[in-house]
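Just remember that our numbering sits 79 ahead of the position in the sequence shown, which is counted from 1.
A virtual CB, placed ideally from N, CA and C, is assigned to each residue, including glycine.
Let me begin by presenting the structure, written as structure tokens, before commenting on it.
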Amino acid sequence: MSKTKVSIIVPIYNAERDLKCCIDSILSQTFEDIEVILVNDGSTDKSREICDEYAIKDKRIILIHKKNQGVSSARNLGIKESTGDYIMFCDSDDWIESDCIEKLYSKIKDSNADIIYSGVYREEYTNGKKIQDKVSGVSEEIFIKKEDFDKYLDYIIESIKSPFLSPCAKLYNASIIRNNNLKFDIDMVCFEDFCFNLKFLQNTKSMYLSKDIKYHYRGERGKGGIQKRNKNDLVYEVSSSHYEMNKLLRLIKYNEELKDYIEIWFLEHYKIVFEKIIFEENNMSKIERNNILKHLCSDKEFCDFIEYNKDKIRLYKYIKILVDRRLYSLAYLLIKNRIK
80 MSKTKVSIIV PIYNAERDLK CCIDSILSQT FEDIEVILVN DGSTDKSREI CDEYAIKDKR
140 IILIHKKNQG VSSARNLGIK ESTGDYIMFC DSDDWIESDC IEKLYSKIKD SNADIIYSGV
200 YREEYTNGKK IQDKVSGVSE EIFIKKEDFD KYLDYIIESI KSPFLSPCAK LYNASIIRNN
260 NLKFDIDMVC FEDFCFNLKF LQNTKSMYLS KDIKYHYRGE RGKGGIQKRN KNDLVYEVSS
320 SHYEMNKLLR LIKYNEELKD YIEIWFLEHY KIVFEKIIFE ENNMSKIERN NILKHLCSDK
380 EFCDFIEYNK DKIRLYKYIK ILVDRRLYSL AYLLIKNRIK
């Protein structure tokens, strides 16, 4: 019996509204040599019954029921159970066009790339009503060797932002994931996808960007992970993603312009941390706020970030000076007056 060519991993939690559409789109692929790994992460709605129903109807489905531990845990279990040469992740409220796998598989095989990116239709909803569509992707087919990553990394991030961050809309060379024991960090919520992709890229020799737009992302406006995230955890997650990006940069040739671009990008991430401190001031004690500031200003990635950008972001430099001297109230007032 030949090895499965593509494993499609679907983490599921309370997705009864969109789950059938998602599974139907996968099972109707023109490329049939697939296994579909449905990981029900302790759903409390009808998702379990829907999964059971489909598993009976199609032998390509591998169904796993587990207690709720989060999407990263579900994806990791899917990776462990997968047998395919390539792995694709599809979220349970998204769907893919019928020739998605066929197109991506053909291109990744022909190019011998380690990962291929598809463009994404982003469908945004409010209270179940679609309010807008956006397209994220590239305008031409691009094959990139690792030694040329520096020439394209800023373009990739700017052009396909969310697809670059997300594990969805891609085919990964499964042997790279398995041989390097790559996993999603189960302690992260906001940046776990980004860190996984950065770790994967550290171990690749090439990537392929397809102009095909075959993945449909459905999102509810205002329900991103950052809004739900604990403040201390958010500091850890921004720092971890910054660490992995710096690690990738050390493995490739890069110029200072690229480094500057990345630092500006992370400036926005650190700003999110400060904004969360301000917007949640009524739900936070003075001690908790001070602990967050201490946590941040003792973080190596943040300190290195300040040192590299000391002439550009004096605000953060001053915040660190005040926190180091335990002048927490002054540091907080500075943040509040400059960022709000």
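Let's see if you can read the secondary structure: which residues bound the beta strand (DSSP E) around residue i?
i, result
"Glu-114", "113-120"
"Ser-86", "85-91"
"Lys-249", "249-252"
"Glu-203", "194-205"
"Phe-168", "165-168"
"Leu-142", "140-145"
"Phe-222", "221-224"
Leaving out the 5 sequence neighbours to the left and right, which residues in its chain are closer than 8 Å to residue i when beta-carbon positions are compared?
i, result
"Ile-91", "Leu-98, Leu-117, Val-118, Asn-119, Asp-120, Ser-122, Ser-126, Cys-130, Ala-153 and Ser-171"
"Lys-145", "Val-118, Asn-119, Asp-120, Gly-121, Ser-152, Ala-153 and Leu-156"
"Phe-275", "Pro-246, Leu-261, Lys-262, Phe-263 and Asp-264"
"Lys-57", "An answer regarding residue 57 cannot be provided, because it is not within the stretch 80 to 419 covered by the chain."
Using beta-carbon positions only, say whether residue i and residue j come within less than 8 Å of one another.
i, j, result
"Gly-163", "Ala-253", "yes"
"Asn-140", "Val-115", "Note that residue 140 corresponds to Ile in the displayed sequence, not to Asn. Result yes, Cβ atoms of Ile-140 and Val-115 sit closer than 8 Å."
"Glu-220", "Ser-161", "no"
"Tyr-296", "Glu-380", "no"
"Val-317", "Phe-279", "no"
"Tyr-294", "Ile-105", "no"
"Lys-326", "Tyr-184", "no"
"Ile-113", "Val-199", "no"
"Lys-225", "Asn-155", "no"
"Phe-222", "Ser-285", "yes"
"Ile-158", "Ile-256", "yes"
"Cys-101", "Asp-173", "yes"
"Ser-59", "Met-267", "Nothing in the structure corresponds to residue 59, since the chain is present only between 80 and 419."
"Met-324", "Ile-341", "yes"
Can you find the residues in the same chain that come closer than 6 Å, C-beta to C-beta, to residue i, ignoring five residues on each side of it along the sequence?
i, result
"Val-89", "Leu-117, Cys-169 and Ser-171"
"Gly-298", "Glu-203"
"Glu-347", "none"
"Ala-137", "Just to set this straight, residue 137 is Asp in the shown sequence, not Ala. So the qualifying residues of the chain are Leu-106."
"Asn-56", "With the chain covering only 80 through 419, there is no way to say anything about residue 56."
"Arg-96", "none"
"Asp-124", "Asn-93 and Glu-95"
"Asn-147", "Asp-120 and Gly-121"
For residue i, count neighbouring Cβ atoms within 10 angstroms of its own Cβ and tell me buried if that reaches 16, exposed if not.
i, result
"Asp-264", "buried"
"Leu-250", "buried"
"Gln-306", "Bear in mind that the predicted position of Gln-306 carries a pLDDT of just 48, short of 50, making it too unreliable to give a figure here."
"Asp-189", "exposed"
"Leu-330", "exposed"
"Ser-245", "buried"
"Asp-193", "buried"
"Ser-320", "buried"
"Ile-195", "buried"
"Ile-343", "exposed"
How many Å lie between residue i and residue j at the Cα?
i, j, result
"Glu-181", "Gln-108", "8 Å"
"Ile-87", "Tyr-287", "19 Å"
"Tyr-204", "Val-214", "15 Å"
"Ser-197", "Ile-366", "46 Å"
"Asn-258", "Ile-166", "14 Å"
"Ala-134", "Cys-179", "22 Å"
"Leu-277", "Arg-201", "22 Å"
"Tyr-315", "Phe-273", "14 Å"
"Glu-386", "Leu-375", "14 Å"
"Asn-25", "Leu-328", "The requested residue 25 is not part of the displayed model; the chain covers only 80 to 419."
"Asp-103", "Asp-227", "38 Å"
"Tyr-349", "Cys-382", "12 Å"
"Glu-111", "Ala-248", "18 Å"
Suppose the cutoff is 7 Å on Cβ atoms and the five residues either side in sequence are ignored; what does the same chain contact list for residue i look like?
i, result
"Tyr-177", "The amino acid at residue 177 is misidentified as Tyr; the sequence shows Ser. So the list reads Ser-107, Gln-108 and Thr-109, once near-sequence residues are dropped."
"Phe-345", "His-321 and Phe-384"
"Gly-301", "With a pLDDT of 48 at Gly-301, under the threshold of 50, the predicted position of this residue should be treated as unreliable, and no value is reported."
Nearer than 7 Å: is that true of the beta carbon of residue i relative to any heavy atom of the ligand ADP?
i, result
"Cys-274", "The ligand content of the structure shown is nil, which means the ligand ADP is not present either."
So residue i is in the alpha helix (DSSP H); what residue range does that whole segment cover?
i, result
"Asn-259", "Here Asn-259 belongs to no alpha helix (DSSP H), and DSSP marks it neither H nor E."
"Ile-265", "From DSSP, Ile-265 is part of no alpha helix (DSSP H); its letter is neither H nor E."
"Gly-157", "150-160"
"Arg-189", "The displayed chain sequence assigns Asp, not Arg, to residue 189. Note, Asp-189: alpha helix (DSSP H), 179-190."
"Ala-94", "Here Ala-94 belongs to no alpha helix (DSSP H), and DSSP marks it neither H nor E."
"Asn-282", "Looking at the DSSP string, Asn-282 is not in any alpha helix (DSSP H), and its letter there is neither H nor E."
"Asp-103", "98-106"
"Ser-126", "126-136"
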